[in-house]
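In the numbering used here, the protein residues as written are 50 to 482. Backbone N, C-alpha and C fix where the C-beta goes; we use that ideal spot for every residue, glycine too. Every value quoted in this text rests on a predicted model; they were computed, and no experiment measured them. Only one structure is covered here, and it is reproduced in the block below.
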């Protein structure tokens, strides 16, 4: 089996596991689905579960505001019962047998990240973790004095500043940086931060001369990312000299493309076959500028190929407002705006974007389409009206039950009276007896 076949199989399995949760209309249905599909799993496990679609279900609950109601409470483990380092060692061997530090930190089932953070806070990480589980690094115990550390730094990190050593992975610069910090030798061993003194640059002419001597031929981006050059770049920014000193950005002038046909020919000649995302991120050949220009002119859909996304539909047949209305009635009748906007399975999201682009959204969707459970409280004008409404619809319900009643719209009523400051008058607290 080739690598392409394996990748194709993984993608097919992933797509197959995706599902649309819009059929879960109520909190009760979501709870039943959660108990059936993710039995025994905690929040974090569901959020990181891609095999059964847990991550998508987690995001769906977050969008609906049901996460705290449907999902089990986050399990927080307090490690105060580990009184000594020996207790921590025993717990580690029992709970995380044979795991590396990275494995422990990513173990959501046993809350390994919390355990590791506890060890670090106590200063037990080095001693409590078995030898094979410690982070792979160099042993700097041979560096007994500051002079030893200085020699080691010169031999392994020549010409590098503090930040570069800290981020330098090839020779374990980050480990060395931590070692000298722990020994309180950082200021004596590590070179000063690579800051240039630009006080001698008094005028724009001085800055131009400095640029020519040190960074000749560099573009703005190269200068900004060059070690030491970023400081000069920022200095010019503080002085307001960038446009006078630095070379012009190499931007192409697309104003010569007067018509859609000109833009289409330019695309076929320079970027033929590139997808929209590739074109938008292509800074080397000017693709991003061309993409922006097409957006300004409103020519993207006419010049660029269609975005090939899962669940995307062909809306080229929707030329007029009546076409859009018919399409809505045929495919999304009864669905609210939010449901259409989040519907990727049947292409609702793309249809919603099309309506937004055309300015037809308010003309196609029926007015005041709301999710089930929301109500219009505009008729409630006084506290007495609110009390009558509560007695008619939510008699006997406590504040807490009403606040979390998403099925019957109680939460919306609760928010309505809260915004008006009527909460104590309309929903009195239950007296403690």
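Opening and closing residue of the alpha helix (DSSP H) in which residue i lies
i           : result
residue 279 : 278 to 288
residue 385 : Counting along the chain, residue 385 falls outside any alpha helix (DSSP H), and DSSP gives it neither H nor E.
residue 170 : 161 to 171
residue 400 : 397 to 407
residue 202 : 195 to 205
residue 319 : 309 to 319
residue 291 : 291 to 294
residue 446 : Note, residue 446: premise wrong, no alpha helix (DSSP H); not H, not E.
residue 261 : 253 to 263
residue 350 : 349 to 352
residue 40  : Outside the modelled stretch of the chain, which goes from 50 to 482, sits residue 40, for which no answer is possible.
residue 141 : 134 to 144
residue 249 : No alpha helix (DSSP H) holds residue 249; DSSP gives it neither H nor E.
residue 459 : 459 to 468
residue 413 : 410 to 413
residue 472 : 472 to 475
residue 367 : From DSSP, residue 367 is part of no alpha helix (DSSP H); its letter is neither H nor E.
residue 438 : 432 to 442
residue 238 : 235 to 238
residue 148 : No alpha helix (DSSP H) contains residue 148, which DSSP labels as neither H nor E.
residue 478 : Careful: residue 478 lies outside any alpha helix (DSSP H) and carries neither H nor E.
residue 346 : 336 to 346
residue 326 : 325 to 329
residue 191 : No alpha helix (DSSP H) holds residue 191; DSSP gives it neither H nor E.
residue 174 : 174 to 177
Residue i versus residue j: straight-line alpha-carbon distance, rounded
i           : j           : result
residue 50  : residue 70  : Unreliable positioning characterises residue 50 in this predicted model, as indicated by a pLDDT of 49, which lies under 50. The coordinate reading is nonetheless provided below. Going by the C-alpha atoms only, they are around 35 Å apart.
residue 111 : residue 102 : 15 Å
residue 207 : residue 320 : 43 Å
residue 33  : residue 80  : Residue 33 is absent from the model: the chain starts at 50 and stops at 482.
residue 461 : residue 425 : 9 Å
residue 236 : residue 197 : 15 Å
residue 90  : residue 121 : 8 Å
residue 159 : residue 117 : 21 Å
residue 435 : residue 470 : 12 Å
residue 283 : residue 239 : 24 Å
residue 397 : residue 391 : 7 Å
residue 228 : residue 146 : 28 Å
residue 323 : residue 336 : 9 Å
residue 165 : residue 173 : 9 Å
residue 467 : residue 115 : 20 Å
residue 393 : residue 353 : 22 Å
residue 340 : residue 247 : 39 Å
residue 150 : residue 325 : 41 Å
residue 377 : residue 345 : 28 Å
residue 449 : residue 171 : 40 Å
residue 190 : residue 232 : 11 Å
residue 296 : residue 372 : 51 Å
residue 370 : residue 303 : 32 Å
residue 278 : residue 329 : 27 Å
residue 458 : residue 399 : 30 Å
residue 331 : residue 343 : 14 Å
residue 430 : residue 465 : 11 Å
residue 472 : residue 463 : 8 Å
residue 413 : residue 77  : 32 Å
residue 254 : residue 272 : 18 Å
residue 364 : residue 395 : 12 Å
residue 286 : residue 204 : 36 Å
residue 193 : residue 200 : 12 Å
residue 427 : residue 474 : 18 Å
residue 113 : residue 263 : 57 Å
beta-carbon residue i near the ligand MN non-hydrogen atom, thresh 6 Å
i           : result
residue 203 : Ligands displayed in this structure: none; no statement on the ligand MN is therefore possible.
Neighbourhood of residue i by C-beta distance below 6 Å, restricted to the same chain and skipping five residues each side
i           : result
residue 314 : none
residue 107 : 95, 96
residue 256 : 250, 290, 294
residue 454 : 460
residue 202 : 238
residue 368 : none
residue 451 : 443, 459, 463
residue 407 : none
Sequence-distant residues of the same chain with beta carbon closer than 7 Å to residue i, five excluded per side
i           : result
residue 86  : 101
residue 234 : 195, 198
residue 140 : 131
Close Cβ partners of residue i (< 8 Å) along its chain, the five nearest in sequence each way excluded
i           : result
residue 410 : 386, 401, 404
residue 73  : 79, 82, 109
residue 478 : 448
Next on the checklist: Quick check: the stretch 382 to 390 against the stretch 332 to 350, are at least 3 beta-carbon pairs closer than 8 Å?
Outcome noted: no
Item to check | Minimum length 4: unbroken alpha helix (DSSP H) runs contained in the stretch 90 to 131 | outcome: If we require 4 residues or more, the alpha helix (DSSP H) runs fully inside the stretch 90 to 131 come out as 92 to 96, 103 to 113, 116 to 119.
Checklist entry - Would you call the stretch 255 to 271 and the stretch 303 to 314 in contact, with 3 or more CB pairs under 8 Å? => result No, the stretch 255 to 271 is not in contact with the stretch 303 to 314.
Next on the checklist: Within 8 Å, do at least three Cβ pairs link the stretch 159 to 179 to the stretch 132 to 146?
Outcome noted: yes
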